[in-house]
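Single-structure report; data block below.
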DNA sequence: ATGAAAGCGCTAACAT
DNA sequence: ATGTTAGCGCTTTCAT
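Residue numbers (this note's numbering), protein chains in the order written: chain A, 513 to 849; chain B, 513 to 849.
Below, the structure written as structure tokens:
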């Protein structure tokens with residue numbers, strides 16, 4: 513493998529000059545092509561380990577995702593990578609496999625890789641646990657999807673409660689009162705917040721909560737079919753369904769289709785998150801969509817600031833709004849006076 | 513940040529001894545807890561940059577995926593990470609964003625990170641292009657999903673043609689003769705191979721290829737609905753559909769459901785790849801499933817051998833078989849004599 | 001079993 | 001603008 517020393521010998525220049533060239537410093541115009549040629553001849557690429565050792569900056573960012581297949585995290589990682597690349601930064605993505613131990617493993621791994629910062633979508637909700645955990649590491653951590661009261665790191669989230677509130681209010685505005693919700697089994701932050709938004713929207717419009725209309729599904733998918741089917745066995749049936757995320761939205765559409773319930777004729781739907789499959793679905797579902805680009809951009813911005821300053825400025829938390837995608841999945845129900 | 517030197521001072525031992533401890537060398541039993549304590553007190557983690565610089569081994573593997581959202585690649589990365597972790601290796605995942613330039617970027621990035629090997633699912637098919645490209649890098653590359661005649665690196669693939677042949681033969685065995693195929697627009701290797709398997713199965717059973725039954729869809733999803741709908745406008749309609757991968761399978765099921773075609777009563781289906789959504793689909797689709805664990809395991813095995821030997825042994829290519837998942841998505845059609 | 005010291009490839013301070 | 005050189009944190013050889 514070629515090193516700067518090799519290039520120095522090849523060009524007759526010094527290692528310092530080559531280093532300057534590599535880092536955009538001042539080099540005589542006539543020397544530039546000479547160096548460039550030597551680089552190409554030797555297929556030289558800089559040794560980032562040596563550079564990182566010297567500068568104490570690795571130009572890498574760790575990213576903790578619950579699963580590579582997680583739609584939210586993979587969109588976020590994808591967008592973040594684009595912004596980071598502009599600053600010569602790259603992502604180390606580590607799967608926590610939905611476990612706290614996996615998260616600790618990831619953090620330890622990042623610590624030894626000396627990443628400059630970490631972006632994380634953690635699975636747990638225990639603020640003090642994370643506060644203590646993160647205090648062990650010297651890199652800044654930017655939290656996504658959920659926040660811990662600005663106590664463990666900067667965070668970028670959306671207003672989950674409001675997004676759900678908006679969605680359910682739209683269904684009510686269209687005349688629906690029998691509105692079911694399909695949410696995850698786990699008591700996770702976003703899941704809960706969106707449930708609260710659902711409840712609050714109902715309450716604010718004087719609609720009592722109907723226990724049978726709260727469907728909790730396992731993200732493995734095994735019980736989705738049965739649980740959604742059960743919504744329609746009683747005489748008191750929902751006329752609309754609010755689904756709290758991509759998985760529940762897709763799977764609910766799938767099941768409704770299979771049960772031969774037409775959307776929106778037989779049942780109305782308001783979903784969450786936008787992803788590839790919704791390009792196929794007819795009619796287009798109404799959706800609350802998270803501004804993934806903005807989330808990534810804000811996150812990267814904060815992260816770069818933290819790396820630069822390295823100060824213990826108070827943690828900031830940015831809360832963004834979701835966007836409402838208008839679809840054709842809600843039927844207007846005549847108001848009964 | 514704590515260094516070995518700090519630990520040396522703290523424990524009264526030498527840097528060399530601490531290093532040995534860190535690497536599982538011989539250290540007096542009575543010294544072990546002392547070192548361990550110092551590590552915990554300082555939150556010490558090894559500096560992998562320094563280690564990599566010294567040993568010329570980074571214990572990282574680069575992984576090139578077309579998109580983070582790619583189902584095949586994300587399953588593969590996930591499985592590979594598990595095996596690699598057993599050998600203290602970790603994955604650097606880089607998105608090529610479905611472009612050749614992105615792939616080159618990824619390789620250059622990996623070169624400067626001095627990864628020990630690269631796992632890649634490339635998008636192109638030009639053997640000579642990749643042969644030339646990869647010759648520029650000194651790390652071994654293990655190719656997945658497609659192979660280039662053992663000319664650019666070791667590879668792990670499945671027998672795509674045979675898998676498709678098996679699937680279509682099964683449909684024929686059930687009495688179907690009007691079998692459509694939903695494939696991708698792009699002339700990619702796996703896509704083509706599976707198409708060839710389809711054609712060969714038809715040919716071997718004396719069934720002529722019907723042009724209108726070959727549906728080519730864009731992976732963005734925009735034309736899937738229209739293209740599948742078009743299958744049913746003529747008087748000559750298919751009784752079965754073979755879909756060549758996860759995306760086409762899911763979206764075809766989605767569209768059929770929306771068109772109120774029941775599976776298997778109105779139309780039979782044989783799909784490809786297994787993933788989360790199929791846990792929800794009723795009836796369970798027949799599927800050809802790639803052995804992702806075995807693919808990852810074989811790939812990692814080859815990769816570790818390459819790293820160890822560093823010899824220019826001839827490239828090997830491992831071809832695995834897909835597994836057939838029996839479902840309820842095929843109707844038996846009485847044979848007409 | 002432990003320690004002293006060289007050196008991996010780079011950057012940056014300093015000298016020219 | 002270019003060159004010389006120290007040193008980042010680690011492993012490893014060679015002594016002890």
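Built from N, CA and C at the ideal position, the CB exists for glycine as well. All figures in this text were calculated on a predicted structure; none of them were measured in a lab.
When beta bridges are read from the DSSP output, residue 620 of chain A appears opposite no residue. Nearest CB-CB separation between residue 561 of chain B and chain A: below the 8 Å threshold. If you look at residue 709 of chain B, you'll find it isn't in any beta strand (DSSP E); it sits in the alpha helix (DSSP H) that goes 701-716. Within the stretch 575-596 of chain A, the residues whose Cβ lies closer than 8 Å to some Cβ of chain B are 579, 580, 581, 583, 586, 587, 589, 590, 593, listed in chain order. Assigned with DSSP and collapsed to three states, residue 690 of chain A falls in coil, not helix or strand. Interface with chain A (8 Å Cβ-Cβ cutoff): residue 789 of chain B is included. Here residue 780 of chain A carries a strand assignment [DSSP, helix/strand/coil].
When 9 Å is used as the limit between beta carbons, residue 604 of chain B is near these residues of chain A: 572, 602, 603, 604, 605, in chain order.
For the stretch 540-604 of chain B, the full-length beta strand (DSSP E) segments reaching 3 residues or more read 572-577 along the chain.
For the pair residue 629 of chain A and residue 649 of chain A, the CB atoms are not nearer than the 8 Å cut-off.
Listed in chain order, the beta strand (DSSP E) elements of length 3 or more contained wholly in the stretch 780-841 of chain B are 780-784, 798-801, 829-832, 835-837.
The beta-carbon of residue 625 of chain B is placed less than 8 Å from the nearest beta-carbon of chain A.
For residue 666 of chain B, the uninterrupted beta strand (DSSP E) run begins and ends at 666-670, by DSSP. Three or more Cβ pairs closer than 8 Å define a contact, and the stretch 566-583 of chain B meets that threshold against the stretch 603-616 of chain B. The continuous alpha helix (DSSP H) containing residue 522 of chain B extends over residues 516-523. The DSSP-derived three-state label of residue 754 of chain B is strand. No residue range can be given for residue 609 of chain B, since it is assigned to no beta strand (DSSP E) and is classified by DSSP as neither H nor E. For residue 844 of chain B, the secondary structure class from DSSP, reduced to helix, strand or coil, is coil. Proximity of residue 517 of chain A to chain B, defined by a Cβ-Cβ separation below 8 Å, is not satisfied. DSSP links residue 695 of chain A through a beta bridge to A/728. As far as DSSP is concerned, residue 766 of chain B takes part in no beta bridge. Around the C-beta of residue 831 of chain A, fewer than 16 other C-beta atoms lie within 10 Å, and the residue is accordingly described as exposed. In summary, residue 553 of chain B is exposed, with fewer than 16 beta-carbon neighbours lying within 10 Å of its beta-carbon over all protein chains present. In this structure, the alpha-carbon of residue 700 of chain A lies about 29 Å from that of residue 596 of chain A. Residue-level contact by beta carbon holds for residue 733 of chain A and chain B, with a gap shorter than 8 Å. The residue from A/551, A/570, A/644, A/688 with its alpha-carbon nearest to that of residue 820 of chain A is A/570. Residue 796 of chain B and residue 727 of chain B have their C-alpha atoms spaced approximately 23 Å apart. Between the stretch 774-790 of chain A and the stretch 753-765 of chain A, the count of C-beta pairs closer than 8 Å reaches three or more; the two stretches touch.
In this structure, the straight-line span from the alpha carbon of residue 751 of chain B to that of residue 828 of chain A is close to 59 Å. Contact between residue 564 of chain A and residue 626 of chain A holds, with the beta-carbon distance rounding to 6 Å and staying under 8 Å. For residue 637 of chain A, the CB contacts under 6 Å within the same chain, skipping 5 residues up- and downstream, are 701 in chain order. In the DSSP assignment, residue 743 of chain A falls outside any beta strand (DSSP E), carrying neither H nor E.
Within the stretch 802-813 of chain B, contact with chain A at the beta-carbon level (separation under 9 Å) is assigned to no residue. The beta carbons of residue 842 of chain B and residue 686 of chain B sit closer together than 8 Å. No Cβ of chain B is located within less than 8 Å of the beta carbon of residue 645 of chain A. The three-state secondary structure of residue 533 of chain A, taken from DSSP, is helix.
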